[in-house]
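Below: the structure, in structure tokens.
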Amino acid sequence: MTEYYTDGSSLGNPGPGGWAAVTLDGAELSGHKEHTTNNEMEATAILRVLEATPLDESLVIYTDSEWAVKAISGEYQVKSSRLMPIVAGINRRVSARMLETRIEWIRGHAGLPGNELADRVAKAEAHRARIARERTQV
308 MTEYYTDGSS LGNPGPGGWA AVTLDGAELS GHKEHTTNNE MEATAILRVL EATPLDESLV
368 IYTDSEWAVK AISGEYQVKS SRLMPIVAGI NRRVSARMLE TRIEWIRGHA GLPGNELADR
428 VAKAEAHRAR IARERTQV
């Protein structure tokens, strides 16, 4: 079973943002966007894990975003036109998977090594997005 820790970050909400997904054995996925929200980055991290992981692999995705878990489960109604396709993509990919796939909430900033690493990488990506945005505005 593969376990990923995911996180999203934005410098301002909206603002430049980053997302990250890491495993404890060193695998890392990450990226950024020049204008986004924290929720968009949280959901994007989960979506990117699902896109990168083979369908026949058991998977647990840990997130410290209660919003993301509740939006994916349908407990929260997603109203944002930017977030709807991301959440729909997550649900399609989870449904298509052949083996166990769980998305679980964990408490953020509680000292869990995977969560702390994902947080650092997502923040670094948000800073990269800010630099990229500043370069395009010059």
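Whatever position you read off the sequence shown (first residue = 1), add 307 for our numbering.
Cβ coordinates follow ideal geometry from the N, Cα and C atoms, glycine included.
Computed from a predicted model, the values in this text were never measured in an experiment.
- In the three-state DSSP reduction, residue 426 falls in the helix class (H, G or I).
- Straight through space, the alpha carbons of residue 352 and residue 433 are spaced by roughly 13 Å.
- Residue 312 is a Cβ neighbour of residue 421, given a cutoff of 8 Å.
- Excluding residues up to 5 positions away in sequence, 326, 328, 336 and 338 lie with their Cβ nearer than 8 Å to the Cβ of residue 355 in the same chain.
- Less than 8 Å separates the beta-carbon of residue 367 from that of residue 308.
- The beta-bridge partner set that DSSP reports for residue 339 consists of 325.
- The continuous stretches of alpha helix (DSSP H) do not include residue 368, which lies in the beta strand (DSSP E) extending over residues 366-370.
- DSSP, read as helix, strand or coil, puts residue 400 in helix.
- Proximity to residue 331 across 310, 340, 315 and 407 peaks at 310, based on C-alpha coordinates.
- Excluding its 5 nearest sequence neighbours in each direction, residue 318 has C-beta neighbours in its own chain below 6 Å: 433 and 437, listed in chain order.
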